[in-house]
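Our numbering puts the last residue of the sequence shown at 1049; the count rises by one with no breaks.
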Amino acid sequence: MCDGIDNCGDNSDESHCPSIKLCSEANFKCANGNCIKKELECDQYNDCGDNSDEEGCDSPLCKFRTCSQICIEKKISNTEKTFSCHCAEGYHMVHGKNKTSSCVA
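So this is what it looks like as structure tokens:
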């Protein structure tokens, strides 16, 4: 209730909430009025319920499932980054369809 998320399907859980919420300086104010801890901003998880805590964040190239084992980001310039996938010892890279690659023993 009063979290900016329609849990009931008819928004009744949000209908009697105060329209203005104040957040402390230790918090991030979401676009929907919610307050979350500042450290939850830009953590690649929708903590606000409206994804406003993830908007405008510099998202890393190495995300879950980008590489099957080891992903290393490399800064090319101040505005450009790239990444490379590597395999752990005892594994080798196998390139698949759609530019995918996996490490196999």
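Where a beta carbon is used, it is the ideal one built from N, C-alpha and C, also for glycine.
Roughly how many angstroms separate the alpha carbons of residue i and residue j, rounded to a whole number?
i, j, result
"A1049", "H1036", "6 Å"
"S959", "G977", "14 Å"
"E999", "H1039", "33 Å"
"C1001", "N971", "17 Å"
"C1031", "N995", "33 Å"
"T1023", "I949", "35 Å"
"G1021", "Y989", "Looking at the sequence itself, residue 1021 is Ser, so the reference to Gly does not match. Between S1021 and Y989, the C-alpha separation is close to 27 Å."
Less than 6 Å between C-beta atoms, sequence neighbours within five positions excluded: which residues of the same chain meet that for residue i?
i, result
"C1011", "C1029"
If residue i and residue j are in contact, beta carbons under 8 Å, what's the gap, nearest whole angstrom?
i, j, result
"D997", "C979", "With a Cβ gap of about 11 Å, D997 and C979 do not count as contacting."
Beta-carbon within less than 8 Å of residue i's beta-carbon, same chain only, minus the 5 sequence neighbours each way: which residues are those?
i, result
"L1005", "C1015, E1017, K1025, T1026 and F1027"
"S1046", "S1012, M1037, V1038 and G1040"
"S968", "C979"
Excluding the five sequence neighbours on either side, which residues of its own chain have a C-beta within less than 7 Å of the C-beta of residue i, listed in chain order?
i, result
"D991", "I980, L984 and D997"
"N951", "D957"
With respect to 7 Å, is the separation between the Cβ of residue i and the closest non-hydrogen atom of the ligand NAP below this value?
i, result
"R1009", "Among the ligands in the structure shown, none appear at all, so the ligand NAP cannot be discussed."
Three CB pairs or more closer than 8 Å across the segment 1017 to 1033 and the segment 977 to 990: no
Whole beta strand (DSSP E) elements within the segment 987 to 1011, 3-residue minimum: none
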